[in-house]
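Take a look at the structure set out below.
Residue numbers (my numbering): 428 to 548.
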């Protein structure tokens, strides 16, 4: 099972290093330039949340429970985990699935079609 997720594990470790660096660099920046505290707090909060998600996924890989929905216990398809390696439930992909199912609206033209040329831009 660990071999199956070795690529995802590597990606998660890279993400962890990047997020830790961003968190540290942002903290150092905040010590010297204390401007726009609200935005800075929000950014720090999001970085910390992402880092927690990455660490949770790495821990689940180590324990052999990675890739299973925390709500239903169902296995999350590997292809989806490659897209979102920090996914915790199958519902994390809900909006992606809606997007993939959408169809482009069909337009009916009652009059002669017009063609756009390069000079129209």
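Ideal placement from N, C-alpha and C gives every residue a C-beta, glycine not left out.
Spatial neighbours of residue 550 within its chain, please: C-beta separation below 8 Å, excluding the five flanking residues on both sides.
The chain is shown from 428 up to 548; residue 550 falls before or after that span and cannot be answered.
Please list, in chain order, all residues of the same chain as residue 516 whose beta carbon is under 6 Å from its beta carbon, the five residues on each side excluded.
Counting from one through the chain shown, the residue named residue 516 turns up at place 89. Once the five neighbours on either side are set aside, the close Cβ partners of residue 516 are 496, 497, 498.
Identify the continuous alpha helix (DSSP H) that holds residue 520 and give its terminal residues.
Numbered from its first residue, the chain shown carries residue 520 at position 93. No residue range can be given for residue 520, since it is assigned to no alpha helix (DSSP H) and is classified by DSSP as neither H nor E.
Assign residue 501 to one of three DSSP states: helix, strand, or coil.
Within the chain shown, numbered from 1, the residue matching residue 501 stands at position 74. Residue 501 sits in coil when the DSSP states are folded into three classes, being neither helix nor strand.
Could you tell me whether the Cβ atoms of residue 450 and residue 487 are closer together than 8 Å?
Numbered from 1 along the chain shown, position 23 holds the residue referred to as residue 450. Numbered from 1 along the chain shown, position 60 holds the residue referred to as residue 487. The beta carbons of residue 450 and residue 487 sit no closer together than 8 Å.
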